[in-house]
Amino acid sequence: HLIDLETGDVVEFNSEKIEVLQREVAKSLGYDLVDHRLELFGVSLKGRRKRGRQT
Numbered sequence: 003h004l005i006d007l008e009t010g011d012v013v014e015f016n017s018e019k020i021e022v023l024q025r026e027v028a029k030s031l032g033y034d035l036v037d038h039r040l041e042l043f044g045v046s047l048k049g050r051r052k053r054g055r056q057t
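Numbering-wise (this note's numbering), the sequence shown opens with residue 3 and increments by one.
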């Protein structure tokens, strides 16, 4: 999930590309992936544009 650093909102998403990449990385390192956790942290681009106009 992606966590908005300004509001604390949590945006859930699914990406088959990320899922495949995680399995490929684990396999290339000699592991069988049994579980994972991915956290992304960011600032909204919309909010960033609004803040830029206010200053």
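For every residue, glycine included, the Cβ atom is placed at its ideal position computed from N, Cα and C.
Nearest candidate by alpha-carbon position, reference residue i, set the options
i: VAL36; options: ASP11, PHE43, VAL27; result: VAL27
i: ARG16; options: LEU4, GLY44, TYR33; result: Position check: residue 16 holds Asn in this sequence, whereas Arg was assumed. The candidate whose alpha carbon is nearest that of ASN16 is LEU4.
Endpoints, beta strand (DSSP E) assigned at residue i
i: LEU23; result: Note, LEU23: premise wrong, no beta strand (DSSP E); alpha helix (DSSP H) at 18-30.
i: LEU4; result: 4-6
i: LEU42; result: 42-44
Opposing strand residues paired with residue i [DSSP bridges]
i: VAL12; result: ILE5
Any C-beta of chain D under 8 Å from that of residue i
i: PHE15; result: Of the protein chains in this structure there is only one, and it is not chain D.
Residue i burial status per 10 Å Cβ neighbour count (16 or more: buried)
i: LEU40; result: exposed
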